[in-house]
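J.:
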Amino acid sequence: MIAPTLARPPVNLGERLRLAVADAAVVTWRNLVAIWRVPTVFVFELVQPIMFVLLFRFVYENAFANIPGGNYVLFLMPGIFVQNAIFGSTTTAIGIAEDLKKGLIDRFRALPMARSAVLAGRTVADLAKNLLLVTVMIGIGYLVGFRFQQGPLAALGVVVLVLAVSFTFSWISATVGLAIKQVEGVQAAIFTMVFPVVFVSAAFVPVSGMASFLQVVARNNPVTYWCNLARYLSIGDVAMLDPVTGLPTATLEGLLVRSALWIVGLLAVFIPLSIRLYRRLA
Amino acid sequence: MADPIIRTEGLRKRFGDVEALKGVDLLVRPGSVFGLLGPNGAGKTTTVRILATLLAPDGGRAEVAGLDVVRDADALRFRIGLAGQYAAVDENLTGLENLELVGRLYHLGRREARRRGAEVLERFGLAEAADRPAKTYSGGMRRRLDLAASLVGRPEVLFLDEPTTGLDPRSRIDVWAFVRELQADGTTILLTTQYLDEADQLADRIAVIDLGTVIAEGTSDELKARVGGAVLELHVQDRADTAAAAEALAGLGRGDPTIDPETGSIRIPVAEDGATALTDSIRRLDERSIALADVALHRPTLDDVFLALTGRAAEDGTEPEPPTRRRRRRRESAGAAP
Ligand SMILES: Nc1ncnc2c1ncn2[C@@H]1O[C@H](COP(=O)(O)OP(=O)(O)O)[C@@H](O)[C@H]1O
Ligand SMILES: [Mg+2]
């Protein structure tokens, strides 16, 4: 990493970008050190997803008839990966609220660093952590009978998708953290927001089994697109066949475009919004 | 005065219903230590946060080192250092890593950031603890690390918000020594404090701030001269006698005595030449057989200045209270200082 030395504000776009990247890298390092030195936090973060896998895999296995593809664990795991990407991003809000509480954000805001760096450094560090998380979850999936069936490239595609989703939700999470500020409040707020978004989607069960008014919401929920794309890439087009009619309900292209548009759109809203909140912190 | 390095004009800030600053005017000479003295809630932190570019004022303007704190904030951040009211250190990083982090965010480059970090740690007596995580540091060490962090960028102007609040007497004296040392190096320092003796000890000039307004400004001597006269302070041997003693001394001085039954002390503002009051007081108490532990006649402290300016003690932002309560609170605030 180039470490530019500069004793004045950047004067052009090139310099500004270079500093923004360098500052974000420094803050990322600082956040990764914390994850590395206090690994118990990460270990505790693994408890909930593993519990989810075991619950859904073994408790609900036979509760759901009519699973596309006919095999619940193959259906479930891609949804679990996406769910984890979203739940895993809640640490962004908590980390920011903790930095606020400790006065570290004040210190950073009085330094001549890029106004985006504290947030970028936090979301990128959480991205790295979430990569670790998804890797562990894939391992757990393999232990309970899940297999990628579309080759390594498609499997890689799932990982990239999951990371993109986690990065997107990290910025949403950052916005919530900056808006709410109190560590305790942030935790409650972010889960209250994330739970319905994840559960009213195709993450764990097919949409067709939901109450009809929820089906409308669930079908248009971006989480549904992401989960279905992850499924498509994991087990192929059987994931998209209607278990009753046997007809395909979505195409790969359609899923790709919708998934990407949602990710880009959410980032385009929440990156500037959170940086704006950061600048205006009182 | 030479061109001021800090200048605020009619600085105003409101938080919802609270008018935190109601028009603060300050002028600080380059190379000086300026004390912003006031009780809790006076507006000290708000002022510092505006000057350090953390908060935009609602009205008025502020310039530091010739730069507007709002318009030129980006450039200004290269020239200032801030140690906030609570030590802001990353507990997971070592002392040295904390300073390296700050140095790199001043864009010093990795090597220089590390070098300066080590240098500043040495100066603050933390060299031995450099490679220990900050979470193992004591409160005093954290505060020193926080101060060290504010110096890594070699700021021209340093803001210290209550740098000794919560420190043990030993650490407080250390911080005072650092402030004097920095001033000797040419740094301008604006520090806030609730401790009257701290401002008295460190600051070349003092602004007394209360409820969002500067109510007095000057050197410590100038402020004391505004009270005039002297203060007679007596301690009765048996605390149970405090009230009786105060009654016996009624009408002796130029103002109401403040009494503290818990320590058995009575303070009375008296005329410039307090000798008569002194002998009078001893005679009156002797007549009633009230034994004295201690009598002293001294020039007013900033404590007395604050009382004279606001009608209440410099401990908190509450309304004036009955003399007894007032005195007790003041004891506490003085007791916390070395
Ligand atoms: N972020 C804030 N939100 C609401 N009120 C605030 C905020 N910051 C300060 N205040 C209020 O403004 C007044 C001045 O506070 P402050 O500047 O912190 O005083 P000091 O540092 O002298 O104790 C107080 O009444 C305080 O409660
Ligand atoms: Mg304060």
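Protein chains in written order, with our numbering: chain A, 27 to 308; chain B, 312 to 649. Each residue gets a CB set at the ideal place from its N, CA and C atoms; glycine is no exception. As the structure is a prediction and not an experimental result, all values here were calculated from the model.
#1: Between ARG325 (chain B) and ASN57 (chain A), what straight-line distance do the alpha-carbon atoms span, to the nearest angstrom?
#2: Can you tell me whether ILE301 (chain A) is buried or exposed? The criterion is at least 16 other CB atoms within 10 Å of its CB, across all chains shown.
#3: Is VAL335 (chain B) a contact residue of ligand 1, with contact defined as CB to any heavy atom under 6 Å?
#4: Please confirm whether any heavy atom of ligand 2 lies closer than 6 Å to the CB of LYS127 (chain A).
#5: Find out if the Cβ-Cβ distance for the pair ILE106 (chain A), VAL79 (chain A) is shorter than 7 Å.
#6: Scan the stretch 110-140 of chain A for residues whose Cβ lies nearer than 8 Å to a Cβ of chain B and list them as they occur along the chain.
#7: Closer than 7 Å between beta carbons: that is the criterion. Which residues of the stretch 50-62 of chain A meet it against chain B?
#8: Per DSSP, ILE391 (chain B) forms a beta bridge with which residues?
#9: Less than 8 Å between the CB atoms is what I'm expecting for ASP457 (chain B) and THR503 (chain B), so what's the real figure, rounded?
#10: In the DSSP assignment, find the alpha helix (DSSP H) that holds GLU411 (chain B) and state where it starts and stops.
#11: If you drop the 5 nearest sequence neighbours on each side, which residues of the same chain put their C-beta closer than 7 Å to that of ARG390 (chain B)?
#12: What does PRO35 (chain A) reach in chain B if we use C-beta pairs closer than 8 Å?
#13: How many angstroms separate the CA atom of TRP55 (chain A) from the CA atom of PHE489 (chain B)?
#14: Ligand 2 and THR54 (chain A): does any heavy atom of the ligand fall closer than 6 Å to the residue's C-beta?
#15: Between which two residues does the alpha helix (DSSP H) containing ALA51 (chain A) stretch?
#16: What residues match up with ASP521 (chain B) in a beta bridge as DSSP calls it?
#17: How about TRP197 (chain A) and PRO248 (chain A): are their beta carbons less than 7 Å apart?
#18: I'd like to confirm something about ALA308 (chain A): is its beta-carbon nearer than 6 Å to some heavy atom of ligand 1, or not?
#19: Determine the DSSP secondary structure at PRO1 (chain A), reduced to helix, strand or coil.
#20: Under 7 Å, CB to CB, which of the residues in the stretch 361-372 of chain B have a partner in chain A?
#21: Would you report the Cα separation of ALA541 (chain B) and ASP125 (chain A), rounded to the nearest angstrom?
#22: Rounded to the nearest angstrom, what separates LEU393 (chain B) and PHE225 (chain A) at their Cα positions?
#23: Ordered along the chain, which non-local residues of its own chain (more than five positions away) have a Cβ less than 6 Å from that of ASP615 (chain B)?
#24: When you check each C-beta in the stretch 396-422 of chain B against every C-beta of chain A, which residues fall closer than 7 Å?
#25: Between the Cα of THR447 (chain B) and the Cα atoms of B:VAL400, B:GLN396, B:SER482, which residue gives the shortest distance?
#26: Taking CB distances under 7 Å as the criterion, tell me whether ALA151 (chain A) reaches chain B.
#27: Taking all protein chains shown into account, do 16 or more other C-beta atoms lie within 10 angstroms of the C-beta of GLY628 (chain B), making it buried, or fewer, making it exposed?
#28: Please look up how many angstroms separate the CB atoms of GLY477 (chain B) and GLY450 (chain B), rounded, as I've assumed it's under 8 Å.
T.: On the basis of the coordinates in this document:
#1: Taking the second sequence and counting its residues from 1, the one referred to as residue 325 (chain B) is at position 14. Taking the first sequence and counting its residues from 1, the one referred to as residue 57 (chain A) is at position 31. Approximately 34 Å between the Cα atoms of the pair.
#2: Reading the first sequence from its first residue, position 275 is the one you call residue 301 (chain A). It counts as buried.
#3: Translated into the one-based positions of the second sequence, residue 335 (chain B) becomes position 24. No, since every heavy atom of ligand 1 falls outside the 6 Å radius drawn around the Cβ of VAL335 (chain B).
#4: Residue numbering aside, residue 127 (chain A) sits at position 101 when the first sequence is read from its first letter. False, no ligand heavy atom lies under 6 Å from that Cβ.
#5: Counted from its first residue, the first sequence places residue 106 (chain A) at position 80. Counted from its first residue, the first sequence places residue 79 (chain A) at position 53. A contact, by the Cβ cut-off of 7 Å.
#6: LYS128, GLY129, LEU130, ASP132, ARG133, PHE134, ARG135, ALA136, LEU137, PRO138, MET139
#7: VAL52, ARG56, VAL59, ALA60
#8: Your numbering for residue 391 (chain B) matches position 80 in the second sequence. In the DSSP output, where bridge partners are listed per residue, ILE391 (chain B) has B:VAL468.
#9: Your numbering for residue 457 (chain B) matches position 146 in the second sequence. Your numbering for residue 503 (chain B) matches position 192 in the second sequence. In fact, because the Cβ distance is near 15 Å, the residues do not count as touching under 8 Å.
#10: Counted from its first residue, the second sequence places residue 411 (chain B) at position 100. 406-416 is the span of the alpha helix (DSSP H), which, as asked, contains GLU411 (chain B).
#11: Taking the first residue of the second sequence as 1, we reach residue 390 (chain B) at position 79. Here the set comprises ALA376, PRO466, GLU467, VAL468.
#12: Your numbering for residue 35 (chain A) matches position 9 in the first sequence. Here the neighbours are ASP385, ALA386, PHE389.
#13: Position 29 of the first sequence holds residue 55 (chain A). Position 178 of the second sequence holds residue 489 (chain B). Distance between the alpha carbons of TRP55 (chain A) and PHE489 (chain B) is about 31 Å.
#14: Along the first sequence, one-based indexing puts residue 54 (chain A) at 28. No, the beta carbon of THR54 (chain A) sits no closer than 6 Å to any heavy atom of ligand 2.
#15: By 1-based counting over the first sequence, the position of residue 51 (chain A) is 25. Unbroken alpha helix (DSSP H) run through ALA51 (chain A): 39-63.
#16: Locating residue 521 (chain B) in the second sequence gives position 210, counting from the first residue. BP columns for ASP521 (chain B) point to B:THR524.
#17: On the first sequence, position 171 is the one that residue 197 (chain A) refers to. On the first sequence, position 222 is the one that residue 248 (chain A) refers to. Not in contact: TRP197 (chain A) and PRO248 (chain A) (Cβ atoms no closer than 7 Å).
#18: Counting from 1 along the first sequence, the entry for residue 308 (chain A) is found at position 282. Under cutoff, so the answer is yes.
#19: There is no way to answer for residue 1 (chain A), as the model of chain A reaches only from 27 to 308.
#20: ALA363, THR364, LEU365, LEU366
#21: Indexing the second sequence from 1 puts residue 541 (chain B) at position 230. Indexing the first sequence from 1 puts residue 125 (chain A) at position 99. Each residue's alpha carbon lies about 49 Å from the other.
#22: One-based indexing of the second sequence puts residue 393 (chain B) at position 82. One-based indexing of the first sequence puts residue 225 (chain A) at position 199. C-alpha separation (whole angstroms): 46 Å.
#23: Your numbering for residue 615 (chain B) matches position 304 in the second sequence. So the qualifying residues of the chain are VAL538, VAL542.
#24: TYR397, ALA399, ASP401, ASN403, LEU404, LEU412, VAL413, ARG415, LEU416, TYR417, HIS418, LEU419, GLY420, ARG421
#25: The count along the second sequence starts at 1 and reaches residue 447 (chain B) at position 136. Ranking the options by Cα distance to THR447 (chain B), first place goes to B:VAL400.
#26: Counted from its first residue, the first sequence places residue 151 (chain A) at position 125. Not closer than 7 Å to any Cβ of chain B, the Cβ of ALA151 (chain A) fails to qualify, so no.
#27: On the second sequence, residue 628 (chain B) is found 317 positions in, with the first residue counted as 1. Per-residue confidence for GLY628 (chain B) stands at a pLDDT of 41, beneath the threshold of 50, marking its modelled position as unreliable; the derived number appears in the next sentence. Label assigned to GLY628 (chain B): exposed.
#28: Mapped onto the second sequence, residue 477 (chain B) falls at position 166. Mapped onto the second sequence, residue 450 (chain B) falls at position 139. That pair is a contact at about 7 Å.
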